[in-house]
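Sequential numbering from 1 applies to the sequence shown in this note's numbering. Even for Gly, the Cβ is constructed at its ideal location relative to N, Cα and C. The model shown is predicted, which means the values in this text are computed figures rather than measured ones. First comes the structure, then the notes that go with it.
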Amino acid sequence: MVNPLSLFFHPKVTETFEFRNEELEAIGAKIKKEIPKVFGHSLAIRELDSGSDNSTEIEISNLGNPHYDVERFGISFVASPRHADVLLVTGAVTLNMAEAAKKTYEAMPYPKYVIAVGDDACDGGIYKGSYAVLGGVDKILPVDVKIPGNPPSPKEIMQGIFALVKKARE
């Protein structure tokens, strides 16, 4: 029979896993340094799915997990466009979402920035030419940065955010 007290005196041995991606850390450090100069506070991003296949959303959600943890670099995702500095749009713009995307953009305070993430958001992707798709985000909103890829990696998304911060500083 197992003595329950023995678990306290002989705990299981576990290994800690340290993963550091130097390139990711370098991008993050640059972003963290530049964001306060441009925005005066952390960078608030509102993500908008305008008709995607969710592959890009998975990569965006990975930015918040412990591996990437973009909040340590001064980037946060917000629920309301009224609190957002940047609109991060994924997916080809469908007829049903065009008006909602415009209203979301109009609800943002100035200055307004838009990033198109993924091939679908950049130019319509594989859905281009469909009766239900208008095309890329640039058909209805002014796009500042395009991040191609199907889907782009979290590192590429961070590079795109850094490109936007540099562009906003100019």
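CB of residue i within 9 Å of CB of residue j, strictly
| i | j | result |
| --- | --- | --- |
| residue 78 | residue 46 | yes |
| residue 108 | residue 142 | no |
| residue 151 | residue 59 | yes |
| residue 134 | residue 118 | no |
| residue 101 | residue 24 | no |
| residue 164 | residue 115 | yes |
| residue 166 | residue 34 | yes |
| residue 50 | residue 98 | yes |
| residue 113 | residue 26 | no |
| residue 146 | residue 138 | yes |
Residue i (DSSP reduced to helix, strand or coil)
| i | result |
| --- | --- |
| residue 95 | helix |
| residue 164 | helix |
| residue 67 | coil |
| residue 57 | helix |
| residue 34 | helix |
| residue 62 | helix |
Identified DSSP bridge partners for residue i
| i | result |
| --- | --- |
| residue 76 | 44 |
| residue 26 | In the DSSP output, where bridge partners are listed per residue, residue 26 has none listed. |
| residue 49 | 90 |
Span separating the alpha-carbon of residue i from that of residue j
| i | j | result |
| --- | --- | --- |
| residue 105 | residue 144 | 13 Å |
| residue 88 | residue 31 | 16 Å |
| residue 170 | residue 36 | 14 Å |
| residue 158 | residue 121 | 17 Å |
| residue 62 | residue 85 | 20 Å |
| residue 69 | residue 28 | 10 Å |
| residue 90 | residue 103 | 16 Å |
| residue 162 | residue 95 | 31 Å |
| residue 39 | residue 71 | 15 Å |
| residue 130 | residue 57 | 22 Å |
| residue 110 | residue 83 | 11 Å |
| residue 66 | residue 21 | 13 Å |
| residue 153 | residue 132 | 27 Å |
Pick out the complete beta strand (DSSP E) segments inside the segment 96-159, 3 residues or longer, and give them in chain order.
113-117, 133-135 and 145-147
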